[in-house]
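K.L.:
Numbering (our numbering), first residue to last: 712 to 1134. The structure's right below; bear with me while I get my questions together.
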RNA sequence: GGAGAAAUGGCAGAGUGGUCGAAUGCGGCAGUCUUGAAAACUGUUGAGGGUCACACCUCCGGGGGUUCGAAUCCCUCUUUCUCCGCCA
């Protein structure tokens, strides 16, 4: 959520930058400013009425004390009238505040100036590419065939137990999952991220805190009996650690990592591009998250990007980095880098990580602030990224590391798997 | 799940209808003293709205109510603690 003061002061610039998302925000921005003006006027009227009422109440108290009951009763009538006025102002003010909030919820974050213009993923800008694409043997298979051949993932069994998109990992497949999680967490903690284990269900307030609610509730599984939501990403519980928090400047930066399963309804997706592990309703992911001083957040973003790079180099997977264009940029993000691994048997790139700087957009909604050098409270910057998401990494490993004798395990993982081949 | 108690500023903890945005202690910050530090002393120290700055308004777990007036009384929800029950 953008701050109204920020909107007021940078109106033209914000409209121009939001145009990169292919939206004309002129009306929304103008309305936000106008609503806020109206809000202020109502607040002032209400405050003045209350001030008058408060003064009278005090006077009544004094009159009662000095025994001037008649005079007091006269004033009482006046306050009763003021009460009515107060009520009306309060009602109007609430409506205005709500209207303003609803409007602000609808305005996406302002893209960083280096975000390329564009509509679709085709306009994303490749900023880096590394790793050799392996030459596979003639009978190379896509990962869903490999999963069946080596009996390491059973999609049909998942269908039976739950439904599509809930695979069952078996034997070395299960062990490989566990190995990846442990390996990612180790890499992250070595880099200074503190490991957290967070709840996999969150309440409504947390959903609002990170922006899944009120608009995107269709993406989450909802446990209606207890009014809880299954997390679509660790970002939700991990970021909400900092909801309503006032930090000291010396607390920054904060770096945390955590593994969670992620649950996504993915309503409306279908077809070949969601086959196998490409898109699931339940999957595992290790997330990294930072809370930063505003002056340092872009340096932090670079360091996160480098960190993820290091892991993909370690795994010796061919990958590229994309700077997302305005049309592809997430609602809350100011700048996002996507990592894609090349899946050789499918002959396509698979997104395995998305690293973003949200600047103050999340912090504003979360009320995540720090006390700066002048003793003033300032919003923090938040960033997060996957480090990494498992299924597509697994798909990449299965496909790129397949040989006629079986699937080799990347060297970096062998200490975690305890085997070097899935025969 | 049942019974009881509680929720106040960064923390601890007073406050049962007006003089309370809230005593006191600790912590934080600034200063005095000191070569420096500690101790001691003095001052200062919650958040949001609003203002050029004041004024003013709101906030004592959340929501609602009683009252001219609520941290204080009532209702309700949430959370915590104690006891009982159940249980990996």
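All C-beta atoms, glycine included, are put in the ideal place defined by N, C-alpha and C. None of these values were measured; they are calculated from a predicted model.
1) Measuring only the C-alpha atoms, how far is residue 860 from residue 994?
2) Using the Cα positions of residue 1083 and residue 884, report the straight-line distance between them to the nearest angstrom.
3) Can you tell me where the beta strand (DSSP E) holding residue 972 begins and where it ends?
4) Please specify which runs of the alpha helix (DSSP H), each continuous and at least 4 residues long, are wholly inside the segment 1020 to 1107, giving them in chain order.
5) Can you give me the start and stop residues for the beta strand (DSSP E) that residue 900 sits inside?
6) Residues bridged to residue 942 by DSSP?
7) Nearest-angstrom Cα distance between residue 1137 and residue 1119?
8) Return the Cβ separation of residue 922 and residue 1076 in integer angstroms, given the expectation that the two are a contact with Cβ distance under 8 Å.
9) Taking residue 1053 and residue 1029 to be in contact with their CB atoms under 8 Å, please state how far apart those CB atoms are, rounded to whole angstroms.
10) Can you look up residue 933 in the DSSP assignment and give me helix, strand or coil?
11) Quick check on the burial criterion: 16 or more other C-beta atoms within 10 angstroms. Buried or exposed for residue 777?
12) Between which two residues does the beta strand (DSSP E) containing residue 995 stretch?
13) Tell me whether the segment 1026 to 1045 and the segment 821 to 837 touch, counting them as touching only if at least three CB pairs, one residue from each stretch, are closer than 8 Å.
14) Just the C-alpha distance for residue 866 and residue 1124, rounded to the nearest angstrom, thanks.
15) By the three-class DSSP mapping on this structure, what secondary structure does residue 870 have?
16) Per DSSP, residue 839 forms a beta bridge with which residues?
17) I think residue 913 touches residue 951, with their Cβ atoms under 8 Å apart; what is that distance to the nearest whole Å?
18) With distances taken between CB atoms, is the gap from residue 1117 to residue 1133 smaller than 7 Å?
19) CA-CA distance, residue 881 and residue 996?
20) Under 8 Å: do the segment 724 to 737 and the segment 755 to 765 share three or more Cβ pairs, one atom per stretch?
21) Do the segment 1013 to 1020 and the segment 795 to 804 meet, that is, are 3 or more Cβ pairs less than 8 Å apart?
22) What number of angstroms, rounded off, separates the C-alpha of residue 850 from the C-alpha of residue 1127?
23) Taking contact to mean 3 or more Cβ pairs, one atom from each stretch, closer than 8 Å, check whether the segment 996 to 1012 and the segment 959 to 977 are in contact.
24) With a 10 Å radius around its C-beta and 16 neighbouring C-beta atoms as the bar for buried, classify residue 775 as buried or exposed.
25) Do residue 820 and residue 1156 have their beta-carbon atoms positioned less than 7 Å apart in this structure?
26) Closest to residue 1154 by C-alpha separation, out of 936, 968, 928, would be which residue?
27) What do you get for residue 946, buried or exposed, if any count of 16 or more other CB atoms within 10 angstroms of its CB means buried?
28) Going along the chain, which residues of its own chain have a beta-carbon closer than 6 Å to the beta-carbon of residue 713, five neighbours each way excluded?
29) Would DSSP call residue 657 helix, strand or coil?
30) Use the C-beta contact count for residue 887: other C-beta atoms within 10 angstroms, 16 or more gives buried, fewer gives exposed.
31) Of the residues 803, 904, 741, which one's Cα is nearest the Cα of residue 755?
32) By how many angstroms is the C-alpha of residue 1081 removed from the C-alpha of residue 801?
33) Kindly give me the distance between the Cβ atoms of residue 876 and residue 977, rounded to whole angstroms, as I take these residues to be in contact under 8 Å.
34) Measuring alpha carbon to alpha carbon, tell me which of 898, 896, 936 ends up nearest residue 915.
35) Which term fits residue 925, buried or exposed, when burial requires 16 or more other beta carbons within 10 angstroms of its beta carbon?
P.N.:
Straight from the coordinates:
1) Counted from its first residue, the first chain places residue 860 at position 149. Counted from its first residue, the first chain places residue 994 at position 283. When only Cα atoms are considered, residue 860 and residue 994 end up about 21 Å apart.
2) For the purposes of this step, residue 1083 is identified with residue 372 of the first chain, where counting begins at 1. For the purposes of this step, residue 884 is identified with residue 173 of the first chain, where counting begins at 1. Each residue's alpha carbon lies about 49 Å from the other.
3) The residue given as residue 972 occupies position 261 in the first chain. Segment 965 to 974, the beta strand (DSSP E) holding residue 972.
4) Taking 4 residues as the minimum length, the alpha helix (DSSP H) runs contained wholly in the segment 1020 to 1107 are 1072 to 1077, in order along the chain.
5) Translated into positions along the first chain, residue 900 becomes position 189. Looking at the DSSP string, residue 900 is not in any beta strand (DSSP E); the run it does join, the alpha helix (DSSP H), is 883 to 901.
6) Along the first chain, one-based indexing puts residue 942 at 231. Under DSSP, no beta-bridge partner is assigned to residue 942.
7) There is no way to answer for residue 1137, as the model of the chain reaches only from 712 to 1134.
8) As a working mapping, residue 922 is identified with position 211 in the first chain. As a working mapping, residue 1076 is identified with position 365 in the first chain. By a beta-carbon distance limit of 8 Å, residue 922 contacts residue 1076. Their separation comes to about 7 Å.
9) Here residue 1053 corresponds to residue number 342 of the first chain, with the count starting at 1. Here residue 1029 corresponds to residue number 318 of the first chain, with the count starting at 1. At roughly 4 Å, the Cβ-Cβ gap stays under 8 Å, so residue 1053 and residue 1029 are in contact.
10) Counting from 1 along the first chain, the entry for residue 933 is found at position 222. Shown here, residue 933 sits in a strand according to DSSP, grouped into three states.
11) Against the first chain, residue 777 aligns to sequence position 66. Residue 777 sits exposed, since fewer than 16 C-beta atoms from the chains shown fall within 10 Å of its C-beta.
12) Taking the first residue of the first chain as 1, we reach residue 995 at position 284. Counting along the chain, the beta strand (DSSP E) containing residue 995 begins and ends at 993 to 1003.
13) The segment 1026 to 1045 is in contact with the segment 821 to 837.
14) In the first chain, the residue the question calls residue 866 occupies position 155. In the first chain, the residue the question calls residue 1124 occupies position 413. Approximately 24 Å, taken between the alpha carbons.
15) Position 159 of the first chain, counted from the start, is the residue given in the question as residue 870. Helix at residue 870.
16) As a first step, residue 839 must be located in the first chain, where it is residue number 128. Looking at the DSSP assignment, residue 839 forms a beta bridge with 1032.
17) On the first chain, residue 913 is found 202 positions in, with the first residue counted as 1. On the first chain, residue 951 is found 240 positions in, with the first residue counted as 1. Under the criterion of beta carbons closer than 8 Å, residue 913 and residue 951 qualify as touching, at roughly 7 Å.
18) Within the first chain, residue 1117 is the residue found at index 406, counting from 1. Within the first chain, residue 1133 is the residue found at index 422, counting from 1. Judged by beta-carbon spacing, residue 1133 lies within the 7 Å limit of residue 1117, meaning their Cβ atoms are closer than that value.
19) Taking the first chain and counting its residues from 1, one reaches residue 881 at position 170. Taking the first chain and counting its residues from 1, one reaches residue 996 at position 285. Answer to the nearest angstrom: the Cα atoms are 18 Å apart.
20) Fewer than three beta-carbon pairs drawn from the segment 724 to 737 and the segment 755 to 765 are found closer than 8 Å, and the two stretches are therefore not classed as touching.
21) No, the segment 1013 to 1020 does not touch the segment 795 to 804.
22) Along the first chain, one-based indexing puts residue 850 at 139. Along the first chain, one-based indexing puts residue 1127 at 416. The straight-line gap from Cα to Cα measures roughly 29 Å.
23) By the criterion of at least three beta-carbon pairs nearer than 8 Å, the segment 996 to 1012 is in contact with the segment 959 to 977.
24) As a first step, residue 775 is located in the first chain; it is residue number 64 there, counting from the start. Exposed is the call here.
25) Since the first residue shown for the chain is 712 and the last is 1134, residue 1156 is missing from the structure and cannot be characterised.
26) Within the shown structure, residues of the chain are numbered from 712 to 1134, placing residue 1154 beyond reach of any answer.
27) For the purposes of this step, residue 946 is taken as residue 235 along the first chain, with counting starting at 1. Answer is buried; the Cβ neighbour count reaches 16.
28) Residue 713 sits at position 2 when you count from the first residue of the first chain. 818.
29) This structure leaves residue 657 out entirely; the chain is present only between 712 and 1134.
30) Within the first chain, the letter at position 176 stands for residue 887. In the assembly as shown, residue 887 is a buried residue. Its beta-carbon has 16 or more other beta-carbons within 10 Å.
31) In the first chain, the residue the question calls residue 755 occupies position 44. Comparing Cα-Cα distances from residue 755 to each of 803, 904, 741, the minimum goes to 803.
32) By 1-based counting over the first chain, the position of residue 801 is 90. By 1-based counting over the first chain, the position of residue 1081 is 370. C-alpha separation (whole angstroms): 31 Å.
33) For the purposes of this step, residue 876 is taken as residue 165 along the first chain, with counting starting at 1. For the purposes of this step, residue 977 is taken as residue 266 along the first chain, with counting starting at 1. Right, the Cβ-Cβ distance comes to about 7 Å (below 8 Å), so this counts as a contact.
34) Residue 915 sits at position 204 when you count from the first residue of the first chain. Comparing C-alpha distances from residue 915 to each of 898, 896, 936 shows the shortest one belongs to 936.
35) The residue given as residue 925 occupies position 214 in the first chain. Result: exposed.
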